[in-house]
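Taking it in order: structure first as structure tokens, then the write-up.
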Amino acid sequence: MTQTESNGLHPVLRVDFPHAERLGRGKIALLEHIRETGSISAAGRAMDMSYRRAWLLVSALNGMFRQDAVESQRGGKQGGGAVLTPFGEELIRQFRAMEEKTHVALASELAWLQDNLNSSTAPVRDPEPRS
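Position 11 of the sequence shown, counting from 1, maps to 12 under the working numbering, and the rest follow consecutively.
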């Protein structure tokens with residue numbers, strides 16, 4: 002972790018696709034939780050989201066690309082489950098690599114911002130942008 006990141010400044014990567022689809026850290030984190038838990042519902046719970054929301058995000062991810070990122074099985078005696086496909090694993094790896102490249106590329110600018118922060122005032126969050 003760089004000095005700038007440890008002080009709280011870090012770029013956030015989001016890729017906007019045509020037709021309003023997006024790929025960002027939330028969908029990637031959901032994939033990582035699915036990999037860890039083997040379950041869409043458990044991954045959603047780990048992120049404080051409903052199963053429906055998690056399922057919709059997985060469905061959106063699977064629809065964005067030529068290959069599915071997640072394969073799921075319906076419940077049954079074993080309770081169903083979900084696994085990442087090789088494409089899903091590569092999607093995580095590629096996104097995390099893009100994030101790292103972004104951090105490296107912007108290190109000097111982030112350091113400049115950090116050096117110029119007004120440390121005597123409390124941080125103020127920007128209001129959510131309106132669409």
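The beta-carbon is built from N, C-alpha and C at its ideal position, and this holds for glycine as well.
Note that the coordinates shown come from a computational prediction; the quantities given were computed from them, not determined experimentally.
Beta-bridge partners assigned by DSSP to residue 85: 71. Distance from the CA of residue 21 to the CA of residue 61, rounded to the nearest whole angstrom, comes to 11 Å.
Restricting attention to alpha helix (DSSP H) runs no shorter than 4 residues, the stretch 91-121 encloses them at 108-116, ordered along the chain.
Contact check for residue 27 and residue 14: beta-carbon distance about 11 Å, past the 8 Å limit, so the pair fails to qualify. For residue 13, the secondary structure class from DSSP, reduced to helix, strand or coil, is coil.
The continuous beta strand (DSSP E) containing residue 25 extends over residues 23-25. Between residue 85 and residue 32 the beta-carbon gap is near 6 Å, inside 8 Å, which marks them as a contact.
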